[in-house]
Amino acid sequence: MTAKARLFQPAKNAMQSGRRGTKHWRLEFAPAEARYVEPLMGWTGSRDMNAEVTIDFDDKESAIAFCKNNNIEYTVVEPKHRRLHLKTYADNFSYTRVRG
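My numbering puts the first residue of the sequence shown at 1, with every later residue one more than the last.
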């Protein structure tokens, strides 16, 4: 049985204003089995150790090469590029601004 993985660029954290840590590519394994509820404490558990593994790569090509060399089935999730709506502070006081 081969492992299945997902290759993606992580999104920016909602608590940060910068884009640090979003340029690299990350490999995460898909869960091989369903999680279960541990009966004594009620915690959610898993016997799948690959679920804890994440590997970061500098670029997409090296991540794909790693998967091919280790016989890992992979899916590449392309990032959505954000559109910037650039405006100046003076645009807040423009006469052509829609007021409502």
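Each residue gets a CB set at the ideal place from its N, CA and C atoms; glycine is no exception.
Contact check between the segment 23-33 and the segment 1-11: three or more CB pairs, one atom from each, fall below 8 Å, which counts as touching. With a beta-carbon spacing of about 5 Å, A32 and D48 fall inside the 8 Å limit used to define contacts.
Taking 7 Å as the cut-off, the beta carbon of E78 is found no closer than this to the beta carbon of K4. For K60, there is no enclosing beta strand (DSSP E); the enclosing alpha helix (DSSP H) covers residues K60 to N69. A distance below 7 Å between beta-carbons, with the five flanking residues on each side excluded, links R19 to the following residues of its chain, in chain order: K12. Scanning its chain for C-beta atoms nearer than 7 Å, with the 5 sequence neighbours on each side dropped, one finds around N50 the residues A3, F29 and A32, in chain order.
Across the set A14, R83 and F66, the C-alpha of F66 shows the shortest separation from the C-alpha of T75.
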